Amino acid sequence: MIDVGKAFGIRRHEVGPASLLFFYLFLIIGAYIMGQAVGNALFLEVFPRHLPYAMIGSAVMIGGFVSVYIRLSHRLRLEMLVIGTLLFFASSFTLFWWLTRFHYRSVYLLVYTWVYALGAMGPMMGWTLANY
20 MIDVGKAFGI RRHEVGPASL LFFYLFLIIG AYIMGQAVGN ALFLEVFPRH
70 LPYAMIGSAV MIGGFVSVYI RLSHRLRLEM LVIGTLLFFA SSFTLFWWLT
120 RFHYRSVYLL VYTWVYALGA MGPMMGWTLA NY
């Protein structure tokens, strides 16, 4: 069996934190890729001609999320900020799932932009926590 620590140059006491970071990034990037497929399919089914505006909206929304995140980072401990942000995204996606059952078309735009926000914020939070 290959010693993972030696293969990647990780010291024995770093294996636990490195493994947690790996699984966190694996789950976040996996959620982003799945969400991207779902968000693209839902959005393009309803608003195919509005894709450029959705891309611009995603960039603006990410800027807003980052701005709020930076402001909150001065007031909250990093662990609580990351947990709170992940719970916010999880509850938002749960709400969006529930709203899609009623066929609200505007939810598809929110899902599309929210997924890109998660894709930008999720790995950033993981690496910030790793360097803390």
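If you use our numbering, the sequence shown corresponds to residues 20 to 151, in order.
We treat Cβ as the ideally placed atom computed from N, Cα and C, and that holds for glycine.
These numbers were taken from a predicted model, which means no experiment stands behind them.
Query raised in the report: Of the choices His32, Arg30, Leu39, Ala136, whose alpha-carbon is the least far from that of Tyr88?
Result: Ala136
Query - Reduced DSSP category for Asn59 - H, G, I as helix; E, B as strand; rest coil - result: helix
**Report entry** Check whether Leu91 and Leu97 have beta carbons under 8 Å apart
**Finding:** no
Report task. Drop a sphere of 10 angstroms on the beta-carbon of Trp117, count the other beta-carbons inside from all chains shown, and report buried for 16 or more, exposed for fewer. Result -> exposed
Query raised in the report: Around the Cβ of Met140, are there at least 16 other Cβ atoms within 10 angstroms (buried) or fewer (exposed)?
Result: buried
**Report entry** Contact check, Gly82 vs Val134, beta carbons under 8 Å
**Finding:** no
Query - Whole-angstrom distance between Ala37 and Met20, CA atom to CA atom - result: With a pLDDT of only 48 at Met20, under the threshold of 50, the placement of this residue in the model should not be trusted; the figure read from the coordinates follows. Rounded to the nearest angstrom, the two C-alpha atoms are 19 Å apart.
Requested in this report: Find the nearest neighbour of Phe108 within the set Tyr51, Arg124, His32, Gly24, judged by alpha-carbon distance.
Outcome: Tyr51
Query - Runs of alpha helix (DSSP H) lying entirely within the segment 80 to 133, each at least 4 residues, in chain order - result: 97 to 119
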